[in-house]
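*Asks:* Residue numbers (this note's numbering), protein chains in the order written: chain A, 1 to 319; chain B, 1 to 319.
We put the CB at the ideal spot given by N, CA and C, even for glycine.
Sharing a structure below in structure tokens format, with a few things to ask.
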């Protein structure tokens, strides 16, 4: 049964890549390595009820399990190549597996990402994906490279996924705005092209998975700096503003997780260039603050008052 | 909390490897690739109650989670380098994490294997490990390379882990034999050096994780051949024979999972050479049968009678 499940997934996610000498079906995969590149690898797990609400469609789970990992590669500026899948589920549910594979493949296809290995086991619904990507030596973006004086930018809009979760949990009336926000929760679009474009211009970079305050806080700790954010500059979607208004939008943007936008720092002199580079690939970016001496993330409102930011983004095991 | 748990594991498993440019602590790890090698990757999951009995010590779980993956690399003839860990547990249990890391590190150390990335999440106890190893181009062992006329061999002894599980489940009286068998269940020793030694001499290879009949069956399917096994030649440990006797030992050897020995085929003319190569690295091997035309695995007893082998090794989701 194990064999046939992973075989089903293999068939439904097949990608012709010449660097896969042996894919799913043996004890391990055998991969031909590129020359002149460093390998970038990440692993992330999604658990039902923790990382996605019960009732999430299998296709959305398959998409998101890959998306959160591609987002890690994006934050490093790496281009995706291969993935491994560990899928644990209560029983051998073929319909679930087919839906999962379909969602996974839909996101994998444009990246020509190949699923090269997998394991299916019985247990509580838990999905781990490991991804492998590449970047030129020394060119990866890290959390530790922010410098005092850098501008802080984010791609896209913030807080949409948290607002989408709110819509699901509070049975918000159906509308195109609601659908947009729930779609941002269930089908996040990893900023892979943006991350690669930022390799030569950004200093530090992280993906916003746990909320802006928490993730920008990781940059501050790793870089030994502080950050000041202007709340009035935070980018909100029109769906967010229509359904929730300014103040709630701000809270979602600061503390909501699951957006998978990139938060990055660039020298102030290169902000325009970075925004133009991203715009060319259809990715908007917004300057929201600056890197300062000190530590921690401070947020100023439109009147110049410092906000109480003790309400932080969620972390696993703490909510 | 997530951060500090994975930090604890990082500290306790630290391995100095110059090819790890960025390890645990950023969005992804950055790894310097060797030249002139292919990469071999595998992922395997262990779930409490399915792959290890409740009550298994955290250190044993840490050891075994890595061991089953190293065994996959061994079956391909690859040398281990890096690992990723996805650890899901019901709550942030620092003692569990410390024990897990200790067992993991104990096995990782002699291989200089570095844990380069990880994710800790809340949920039912589930451990996925992905491993990365290397082998010279075209030299990996596969399931698909068995040829009619090959001899079939296995390393070590078979059935010990299944016997160890029986001891735990039936409260078999404490003894050195019992401890040996339980140790084989909880601390399997992956045959990494044996796998590498077999690269130039074996045809097909697989690790015995689901039982000899099931795993040799995988070789038969992948290679388009059949196999004949002499039950009288199956290697048993003295602990097994002392506690269980010949007939039960045979059943455990044929159908018991979790041994993580290697089952491989070699041209008949090279059997002595293969056994000598393995003996030099302290690994015994036993010739147990031969590859034949046809399909499936047949087992003959000491009197030349074919056994009914419909009782197969277990597979996930089927027991």
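(1) Hey, how far is the Cα of residue 236/A from the Cα of residue 67/A?
(2) Relative to the C-alpha of residue 245/A, which residue among 18/A, 16/A, 160/A and 204/A is closest?
(3) I'd like to know if residue 124/A contacts chain B, where contact means its C-beta is closer than 8 Å to some C-beta of that chain.
(4) CB residue 162/A to CB residue 49/A, shorter than 8 Å?
(5) How far does the beta strand (DSSP E) with residue 283/B in it extend, from its first residue to its last?
(6) Below 9 Å on C-beta distance, what does residue 73/B contact in chain A?
(7) I want to see whether chain A comes within less than 8 Å of residue 41/B, judged by CB atoms only; does it?
(8) Within 10 Å of its beta-carbon, does residue 54/B have 16 or more other beta-carbons around it, so buried, or fewer, so exposed?
(9) I need the DSSP call for residue 320/A, collapsed to helix, strand or coil.
(10) Suppose the cutoff is 7 Å on Cβ atoms and the five residues either side in sequence are ignored; what does the same chain contact list for residue 12/A look like?
(11) What is the DSSP secondary structure of residue 119/B, reduced to helix, strand or coil?
(12) Can residue 188/B and residue 131/B be called in contact, C-beta distance under 8 Å?
(13) How about residue 77/A and residue 216/A: are their beta carbons less than 8 Å apart?
(14) Please confirm if residue 6/B has its CB atom under 8 Å from at least one CB of chain A.
(15) Would residue 150/A count as contacting chain B if we go by Cβ distances under 8 Å?
(16) Drop a sphere of 10 angstroms on the beta-carbon of residue 203/B, count the other beta-carbons inside from all chains shown, and report buried for 16 or more, exposed for fewer.
(17) Roughly how many angstroms separate the alpha carbons of residue 277/A and residue 91/A, rounded to a whole number?
(18) Does residue 310/B pass the burial test, meaning 16 or more other C-beta atoms within 10 Å, or should it be called exposed?
(19) Could you work out which residue in 111/A, 45/A, 140/A and 272/A is closest to residue 38/A when comparing CA atoms only?
(20) Please go through the same chain and pick out, in chain order, the residues whose beta-carbon is closer than 8 Å to the beta-carbon of residue 176/A, but skip the five residues on each side of it.
(21) Taking C-beta pairs closer than 9 Å, name the residues in chain B that residue 130/A reaches, listed in chain order.
(22) How about residue 38/B: is its C-beta nearer than 8 Å to some C-beta of chain A?
(23) Could one say the Cβ of residue 76/B lies closer than 8 Å to chain A's Cβ atoms, at least one of them?
(24) Spatial neighbours of residue 147/B within its chain, please: C-beta separation below 8 Å, excluding the five flanking residues on both sides.
(25) Count the other CB atoms within 10 Å of the CB of residue 179/B; is the residue buried (16 or more) or exposed (fewer)?
(26) Got a sec? Which residues, its chain only, sit under 7 Å from residue 112/B by beta carbon, not counting five neighbours each side?
(27) Tell me whether the beta-carbon of residue 83/B lies closer than 8 Å to the beta-carbon of residue 115/B.
(28) Please work out which residues of its chain come closer than 7 Å, Cβ to Cβ, to residue 242/A, disregarding the five sequence neighbours upstream and downstream, and give them in chain order.
(29) Would you say residue 21/B reaches chain A, if we count a Cβ-Cβ gap shorter than 8 Å as a contact?
(30) The beta strand (DSSP E) spanning residue 128/A covers which residue range?
(31) Which residues in the same chain have their Cβ closer than 7 Å to the Cβ of residue 341/B, if we skip the five residues on either side of it in sequence?
(32) With 7 Å as the C-beta to C-beta threshold (strictly closer), list the residues of the segment 200–233 of chain A near chain B in chain order.
(33) Per DSSP, which residues does residue 79/A bridge with? Please list them.
(34) How is the alpha helix (DSSP H) around residue 305/B delimited, first residue to last?
(35) Can you check DSSP and say which residues form a bridge with residue 26/A?
(36) Taking only beta-carbon positions, decide if residue 13/B is within less than 8 Å of chain A.
*Replies:* On the basis of the coordinates in this document:
(1) Within the first chain, the letter at position 236 stands for residue 236/A. Within the first chain, the letter at position 67 stands for residue 67/A. Residue 236/A and residue 67/A have their C-alpha atoms roughly 21 Å apart.
(2) Mapped onto the first chain, residue 245/A falls at position 245. Of the candidates 18/A, 16/A, 160/A and 204/A, the one whose C-alpha sits nearest the C-alpha of residue 245/A is 160/A.
(3) As a working mapping, residue 124/A is identified with position 124 in the first chain. Output row for residue 124/A: interface = yes.
(4) One-based indexing of the first chain puts residue 162/A at position 162. One-based indexing of the first chain puts residue 49/A at position 49. Taking 8 Å as the Cβ cut-off, residue 162/A and residue 49/A do not qualify as a contacting pair.
(5) Reading the second chain from its first residue, position 283 is the one you call residue 283/B. In the DSSP annotation of this structure, residue 283/B is not part of any beta strand (DSSP E), being labelled neither H nor E.
(6) Looking up residue 73/B in the second chain gives position 73. Neighbours of residue 73/B in chain A, taken as residues whose beta carbon is under 9 Å from its own, are 27 and 28 in chain order.
(7) Position 41 of the second chain, counted from the start, is the residue given in the question as residue 41/B. Closer than 8 Å: yes.
(8) To locate residue 54/B, count along the second chain from 1; it is residue 54. Its Cβ having fewer than 16 others within 10 Å, residue 54/B is exposed.
(9) Any answer about residue 320/A is impossible in this case: the structure gives chain A only from 1 up to 319.
(10) Counted from its first residue, the first chain places residue 12/A at position 12. Cβ neighbours of residue 12/A beyond the five flanking positions: 98, 101, 102 and 105.
(11) Working through the second chain from its first residue, we reach residue 119/B at position 119. DSSP places residue 119/B within a strand segment (E or B) once states are collapsed to three.
(12) Stepping through the second chain from its first residue, residue 188/B is reached at position 188. Stepping through the second chain from its first residue, residue 131/B is reached at position 131. Cβ atoms of residue 188/B and residue 131/B: not closer than 8 Å.
(13) Taking the first chain and counting its residues from 1, one reaches residue 77/A at position 77. Taking the first chain and counting its residues from 1, one reaches residue 216/A at position 216. No. Outside cutoff.
(14) Position 6 of the second chain, counted from the start, is the residue given in the question as residue 6/B. So, not an interface residue.
(15) The residue given as residue 150/A occupies position 150 in the first chain. No, because no Cβ of chain B sits closer than 8 Å to the Cβ of residue 150/A.
(16) Counting from one through the second chain, the residue named residue 203/B turns up at place 203. Buried, by the Cβ-count rule.
(17) For the purposes of this step, residue 277/A is identified with residue 277 of the first chain, where counting begins at 1. For the purposes of this step, residue 91/A is identified with residue 91 of the first chain, where counting begins at 1. Between residue 277/A and residue 91/A, the alpha-carbon positions lie close to 47 Å from each other.
(18) The residue given as residue 310/B occupies position 310 in the second chain. Counting Cβ neighbours within 10 Å, residue 310/B comes out exposed, since fewer than 16 surround it.
(19) Residue mapping note: residue 38/A aligns to position 38 of the first chain, counting from 1. Of the candidates 111/A, 45/A, 140/A and 272/A, the one whose C-alpha sits nearest the C-alpha of residue 38/A is 140/A.
(20) The residue you call residue 176/A lines up with position 176 of the first chain. Closer than 8 Å at the Cβ level, and outside the excluded window around residue 176/A, lie 239.
(21) Here residue 130/A corresponds to residue number 130 of the first chain, with the count starting at 1. The answer, in chain order, is 41, 43, 84, 86, 117, 128 and 130.
(22) The sequence position of residue 38/B within the second chain is 38, counting from 1. Chain A, which has a Cβ nearer than 8 Å to the Cβ of residue 38/B, makes this yes.
(23) The sequence position of residue 76/B within the second chain is 76, counting from 1. At least one chain A Cβ lies under 8 Å of residue 76/B.
(24) Numbered from its first residue, the second chain carries residue 147/B at position 147. Around residue 147/B: 203, 223, 225, 265, 267 and 291.
(25) Taking the second chain and counting its residues from 1, the one referred to as residue 179/B is at position 179. Here residue 179/B is exposed, its C-beta having fewer than 16 other C-beta atoms within 10 Å.
(26) One-based indexing of the second chain puts residue 112/B at position 112. The beta carbon of residue 112/B is closer than 7 Å to those of 15 and 17 in its chain, skipping five residues each way along the sequence.
(27) Counting from one through the second chain, the residue named residue 83/B turns up at place 83. Counting from one through the second chain, the residue named residue 115/B turns up at place 115. Yes. Within cutoff.
(28) On the first chain, position 242 is the one that residue 242/A refers to. Excluding residues within five positions, the ones whose Cβ falls inside 7 Å are 177.
(29) Position 21 of the second chain, counted from the first residue, corresponds to residue 21/B. It does; some Cβ of chain A falls within 8 Å.
(30) In the first chain, the residue the question calls residue 128/A occupies position 128. Annotation: the continuous beta strand (DSSP E) that includes residue 128/A extends over 126–135.
(31) Any property of residue 341/B remains undetermined from this structure, which presents chain B solely from 1 to 319.
(32) Along the segment 200–233 of chain A, going in chain order, the ones with a CB nearer than 7 Å to a CB of chain B are 206 and 207.
(33) The count along the first chain starts at 1 and reaches residue 79/A at position 79. According to DSSP, which records beta bridges pairwise, residue 79/A is partnered with 134/A.
(34) By 1-based counting over the second chain, the position of residue 305/B is 305. Where residue 305/B is concerned, there is no enclosing alpha helix (DSSP H), given that its DSSP letter is neither H nor E.
(35) What you label residue 26/A is simply residue 26 of the first chain in a count that begins at 1. For residue 26/A, DSSP records a beta bridge to 24/A.
(36) Translated into positions along the second chain, residue 13/B becomes position 13. Among the residues facing chain A, residue 13/B is not included, as its CB has no counterpart in that chain under 8 Å away.
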